[in-house]
Amino acid sequence: MHSVFRIGDIRKLDKKSPLYEVDLKLTSDDDQQLRQLTDRIREEVDGTGWYRMGHLLLKIGQFDKAEGLYMALLEQASNDSDKAFIYHHLSWAKNDQGQYTEAASFYEMSLKIKRKTLPEDHSSLGNTYNNIGLVYDNMGDYSKALEFYEKAHKI
1 MHSVFRIGDI RKLDKKSPLY EVDLKLTSDD DQQLRQLTDR IREEVDGTGW
51 YRMGHLLLKI GQFDKAEGLY MALLEQASND SDKAFIYHHL SWAKNDQGQY
101 TEAASFYEMS LKIKRKTLPE DHSSLGNTYN NIGLVYDNMG DYSKALEFYE
151 KAHKI
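The UniProt record's numbering numbers the first residue of the sequence shown as 1 and each following residue consecutively.
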């Protein structure tokens, strides 16, 4: 199994040395903070390999590569849930590239699918409404942004 340690204290050995002494404390199996962190990491890397790769590319700012990957995945998508997911991530790439019109369009496509397949109070809809609001906020269309923020808030 793996061992996880918390860093207790870090001290420089002496002023002339580039070495440090680090006090490590072994975590226990029932460490709540570690469990929460582990759960969060699992959420971040959820999905199949290609979806995780796209997510990683977005996280490191490789938007063009992520877009290419998601466009290829979109051609192969076999169900609405996958398509909604892909459109959502394409929106993320476009928004971070400053291509707000395209981002809004992809979010709207994702939203259209989600509204057909999910209950109206599903958190995924709230997330999408909020993200559309962010795009319109970035575009300077504050009344449209407010409209979507309010929809997200209702959920």
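Don't be surprised by glycine CBs; every beta carbon is placed ideally from N, CA and C. The model shown is predicted, which means the values in this text are computed figures rather than measured ones.
If you draw a straight line from the Cα of H89 to the Cα of L125, it is about 14 Å long. 8 Å or more divides the Cβ of A104 from the Cβ of Y149. CA-CA distance, E75 to L24, rounds to 49 Å. Across the set Y20, E21, V4 and F106, the C-alpha of V4 shows the shortest separation from the C-alpha of L37. Note on A145: 16 or more other CB atoms within 10 angstroms of its CB, so buried under the neighbour-count rule. Buried is the label assigned to L69, since at least 16 other Cβ atoms lie within 10 Å of its Cβ.
Inclusion of G49 and A66 in the CB contact set at 8 Å is not warranted, their separation being larger than that value. With distances taken between CA atoms, D64 lies nearest to G98 out of S81, G98, E147 and A77. Along the stretch 70-104, the alpha helix (DSSP H) occurs as fully enclosed runs of 4 or more residues at 80-96, listed in sequence order.
DSSP places L24 inside the beta strand (DSSP E), whose first and last residues are Y20 to L26. Non-local C-beta neighbours of Y20 in its own chain, meaning closer than 7 Å and more than five positions away in sequence, comprise I10, R11, K12 and L13, ordered along the chain. Inclusion of T27 and R6 in the CB contact set at 8 Å is warranted, their separation being smaller than that value.
For I60, the number of other beta carbons within 10 angstroms of its own is below 16, and it is reported as exposed.
DSSP places I132 inside the alpha helix (DSSP H), whose first and last residues are S123 to M139.
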